[in-house]
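Trainee:
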Amino acid sequence: LEETYRTKIEAYTNQKVEYIGETINGKRAVVETLIITDNTEIPVNYKLKNNDGIWFAYDVVIEGISLVSNYRSTFAAIVKNDGMDGLLNDIQLRIDKYKSSNEPASYSDPTEDS
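Numbers in our numbering are just positions in the sequence shown, counted from 1, shifted up by 265.
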């Protein structure tokens, strides 16, 4: 996930990222930002967890949509249709595709029929 979204974020050019604020609740935090283009403001929030004094991002929420939730829905649909073996196969195919093309694995919408 990290490499996939880092590549997508690095592809942005001529945008400005504005820091809005942060909320810390124990070992969890949310950092709020806006990606600002000429005519659009896109809210992007980063969910973080503190592990032994080091903050790690575990989710990115773009315009209210959680990337972790999207992947969870995708994976749940695969398990429902193809079982755990199908999920493991799908993940391996995504890894292989990423490694061979050096591009992020494409996201498939779990609401679409395969």
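Ideal placement from N, C-alpha and C gives every residue a C-beta, glycine not left out.
Please classify N310 as buried or exposed, where buried requires at least 16 other C-beta atoms within 10 Å of its C-beta.
Mentor: So N310 counts as buried.
Trainee: Would you report the Cα separation of I327 and K312, rounded to the nearest angstrom?
Mentor: The straight-line gap from Cα to Cα measures roughly 11 Å.
Trainee: Should I343 go down as buried or exposed, given a rule of 16 or more other Cβ atoms within 10 Å for buried?
Mentor: Per the 10 Å Cβ criterion, buried.
Trainee: Starting from N346 and walking both ways along the alpha helix (DSSP H), at which residues does that stretch end?
Mentor: Unbroken alpha helix (DSSP H) run through N346: L332 to S366.
Trainee: Just grab the DSSP bridge partners of G286 for me.
Mentor: Note: G286 sits in a beta bridge opposite E297.
Trainee: Please return the same chain residues whose Cβ sits closer than 6 Å to the Cβ of D315, not counting the five positions on each side in sequence.
Mentor: Checking the sequence shown, residue 315 turns out to be Asn, not Asp. So the qualifying residues of the chain are K292.
Trainee: What separation, rounded to the nearest whole angstrom, lies between the Cα atoms of Q357 and S366?
Mentor: For Q357 and S366, the distance between alpha carbons rounds to 14 Å.
Trainee: Enumerate in chain order the residues of its own chain whose CB-to-CB distance from K364 is below 8 Å, with the five nearest sequence positions on each side excluded.
Mentor: None.
Trainee: Since D324 is in the beta strand (DSSP E), which residue starts that stretch and which ends it?
Mentor: Per DSSP, D324 belongs to the beta strand (DSSP E) from I319 to I327.
Trainee: Which value, in whole angstroms, describes the spacing of the CA atoms of S334 and L352?
Mentor: The straight-line gap from Cα to Cα measures roughly 16 Å.
Trainee: Hey, could you find the ends of the beta strand (DSSP E) K292 is sitting in?
Mentor: Taken as a continuous stretch (DSSP letters only), K292 belongs to no beta strand (DSSP E), as it is neither H nor E.
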